[in-house]
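Residue numbering for the sequence shown follows my numbering, beginning at 240 and increasing consecutively. Here is the structure we will look at.
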Amino acid sequence: MDDNFEHLINALSIIPLSIDTLQKITFLIKQQTSETITLFITESFQSLLTLKQWIWQRFSHDCSKWIKQSDYITLFNTLALFNKNLIFNYENIESDVKALLLIPNTIDEINIIFQQINQSKNDNDLFIIMVSSWFDNLSSFLREYPDYGTSPILCHINEYIARNYIMTDQFKFYIKQLQQSNLLPSIFTAKQLFYISTCSYSVYSYLSAYTHDFIFTPEEFLSHFGNEYLQIILMHIQTIEKWNNKFLNCISHLTGFILSCYWWRGDKSTRVKILFPTEQTMYDFIQSLIRIISYEPFHEKLKTEQLNDETIFLTTGLKFLLTLLQSQNVTEFVRTDLTLPNTLFKLAELSTYHVISLNVYAILGEILSDEKLKELTVVDQVDNFFYSILEQAWHHPLKKYKQLPIVLLLRSFVALSKSDAIQQGVADSNRLGGFIEMSDQYPVVFDIIWALSFNHDIQQQLRSNPSFIQKLSQLAKESDDEQVRKTTQGILWNLEINHQDRSIVRNTDQNTFDIMISYSHKEKVLCKQLYDELTK
């Protein structure tokens, strides 16, 4: 038989199917390297599409015909690994191409696969193991490319999973197994891992990408298993060095699921009460997150190019800590861990993953004192990195970078913009115009511009933009948003524009100088002295 890939794929339709065909297809896929894969996909796209369809069809038909044949299993595993690499690498390959090579064609196929899982009496069914890896790839794809959250196929998959697997007594049963202090290897069956790991990963990736109403609310998910999750993480964090790979996989995806429920659209106050019934519970959880972030064996995994459970867990832990810092009054508590800043700097140096670096710098911006922020030594790296991410999010149709909404990125940059060197970096690179443009849609940008306006060069750039100055003056007097009025007044004050305009001062509850004192990170003592003199 000709070893041409197209001919081999066409031969899949020949009955009976030759094992030699499967072996040669597997061999050709394994041969692909980072140097050849782009050309391979370009030249063999239609054949790869046919292969994807053929495999999903095998999953959705009687699996007894192939499940015990090792050559089938090897091919399915080989293509699953090929697809995983395709998701996380090769940015030169368009996301639409990746989507076509990953997402199954019909809902009927998916329904039949779920039916086979439901009917299986074998807790370690090889079929469940096989399809789990393919569902995990769909979750990873959605995690990396949240635009596809509107896909009807992915929508159906996640609604089915939420209704028939997660919000069930069986899910609770498997969760309770993880609450045991001694986790026997025998509890980690294929079916348990499908429920706890694969299903959690799927729905949390979907919720992080999907912005519309879902069939269940975050509050319903948290009420269903949030308390059990907390007990699991608080118990087992004490013995993190004893975790096996399967438990790490479960707890990583459960943590991601809890995080997606916490920060999904809508009011978070009820979610906080469900997840953290007491303040001490939240503090204990934060300490667990810091333990995860500080665990050095996880750091070693950052040196590999392959995404792994340790990297996913670190990313989720960092994101969860940042979310709590930005939504709850926990900054002072986190600052009591004096080793955390050095740990974060180490992570930033080790990581090759942008999302980890992004969260690291954002957390540093939240927990470092104003004086430490001024001393930040990795300014060029932070400045260039953050602005690049912001630009990508700003030009994205959903105003996101990966799964991170731009408003969260901007909120993170507020703290970092207090750094003198970052201010100078923005001035030297002429990036102020980008922030001015963003301020039309995101009021938090005025906080950033206020911080930047302590820099002399930024002041000059602002003064050379009369239309923006006019906008600031109008907002300082007329905005319905009190925070916008304060920030715009602060910017104008730094530009020495409203020093003589006492009408603005009279429109505030207190003197404008109290704004300067509360915000200025440059000369707090001097500002306080000025305030005392001016309010005598």
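Cβ coordinates follow ideal geometry from the N, Cα and C atoms, glycine included. Since we're looking at a predicted model, the values are computed, not measured.
Rounding to the nearest angstrom, what Cα-Cα distance links M521 and L553 in this structure?
In this structure, the straight-line span from the alpha carbon of M521 to that of L553 is close to 19 Å.
Those residues which DSSP pairs with Y640 across a bridge:
DSSP, once it has assigned bridges, lists L643 as partnering Y640.
Span separating the alpha-carbon of S420 from that of E467:
Those two C-alpha atoms are separated by around 13 Å.
Nearest candidate by alpha-carbon position, reference S527, set I471, L655, S371 and N598:
Closest by alpha carbon: I471.
Start and end of the alpha helix (DSSP H) containing V684?
Per DSSP, V684 is one residue of the alpha helix (DSSP H) stretching across V683 to L691.
Inter-residue spacing [alpha-carbon to alpha-carbon] between E539 and E588:
If you take the alpha carbons of E539 and E588, they lie about 12 Å apart.
The stretch 596-616 / the stretch 652-672 touching (three or more Cβ pairs under 8 Å)
Counting Cβ pairs under 8 Å, three or more are found: they touch.
What are the boundary residues of the alpha helix (DSSP H) that A587 is part of?
Where A587 is concerned, the enclosing alpha helix (DSSP H) starts and stops at L579 to L589.
Could you name the residues of the same chain whose beta carbon sits closer than 6 Å to that of L340, not counting the 5 residues immediately before and after it, in chain order?
Here the set comprises L287 and K291.
Please report how far the alpha carbon of A632 lies from the alpha carbon of K638, in whole angstroms.
About 5 Å.
Taking the alpha carbon of A448 as the reference point, which residue from A401, W295 and G388 has its own alpha carbon closest?
If we check each option's Cα against that of A448, G388 comes out closest.
Within this structure, are the beta carbons of M406 and F453 separated by less than 8 Å?
Contact: no.
Three-state secondary structure (DSSP) at G505?
If DSSP states are grouped into helix, strand and coil, G505 belongs with coil.
Please state the DSSP three-state secondary structure of H635.
Here H635 sits in coil by DSSP.
Can the beta-carbon of R530 be found less than 8 Å from the beta-carbon of I479?
Contact flag set, yes.
Beta-carbon separation of L691 and V665 under 8 Å?
The answer is yes: Cβ separation under 8 Å.
Under 8 Å between the Cβ atoms of L541 and T555?
Between L541 and T555, the C-beta gap is not smaller than 8 Å, which leaves the two residues out of contact.
Distance check for D686 and S712, CA to CA, integer angstroms please.
Pairing S712 with D686, the inter-Cα distance amounts to about 15 Å.
Keeping to the same chain, check which residues put their C-beta closer than 6 Å to that of T265; ignore five residues upstream and five downstream.
Excluding residues within five positions, the ones whose Cβ falls inside 6 Å are T313, L314 and T317.
Check whether the Cβ atoms of L586 and W503 sit closer than 8 Å, and answer yes or no.
Not in contact: L586 and W503 (Cβ atoms no closer than 8 Å).
The alpha helix (DSSP H) that contains T313, what's its start and end?
The continuous alpha helix (DSSP H) containing T313 extends over residues S309 to F327.
Could you check if F410 is buried or exposed, using at least 16 other CB atoms within 10 Å of its CB as the buried criterion?
With 16 or more Cβ atoms within 10 Å of its Cβ, F410 is classed as buried.
Top-ranked residue by Cα proximity to D523, from N322, S703 and M474:
Taking only the C-alpha atoms, the option nearest D523 is M474.
Comparing alpha-carbon positions, which option in N397, I435 and I645 lies nearest H634?
Taking each of N397, I435 and I645 in turn and checking the Cα distance to H634, the smallest one comes out for I645.
Please report the straight-line C-alpha distance between L278 and L251, rounded to a whole angstrom.
Straight across, the Cα-Cα distance linking L278 with L251 is about 23 Å.
K540 - containing alpha helix (DSSP H), residue span
No alpha helix (DSSP H) contains K540, which DSSP labels as neither H nor E.
Taking DSSP as the reference, what is the three-state secondary structure of V569?
Three-state DSSP puts V569 in coil, outside helix and strand.
Whole angstroms is fine: what's the gap from S309's alpha carbon to L563's?
Near 47 Å, if we compare the C-alpha coordinates of L563 and S309.
Give me, in chain order, the residues of the same chain whose beta-carbon lies closer than 6 Å to that of T591; leave out the 5 immediate sequence neighbours on both sides.
If we look at T591 and ignore the five residues flanking it on each side, it has no Cβ neighbours.
Taking its Cβ as the centre, do 16 or more other Cβ atoms sit within 10 Å of S668, making it buried, or is it exposed?
Classification of S668: exposed, given that the 10 Å Cβ count is below 16.
Checking 8 Å against the spacing of the C-beta atoms, do S658 and T582 come in under that value?
Against a cut-off of 8 Å, the Cβ pair of T582 and S658 comes out as no contact.
Where E735 falls: helix, strand or coil (DSSP)
Here DSSP, grouped into helix, strand and coil, assigns E735 to coil.
Beta-carbon spacing of T437, D362 below 8 Å:
No, Cβ-Cβ distance for T437 and D362 is not below 8 Å.
Please report how far the alpha carbon of Q642 lies from the alpha carbon of L320, in whole angstroms.
The alpha-carbon separation between Q642 and L320 amounts to approximately 23 Å.
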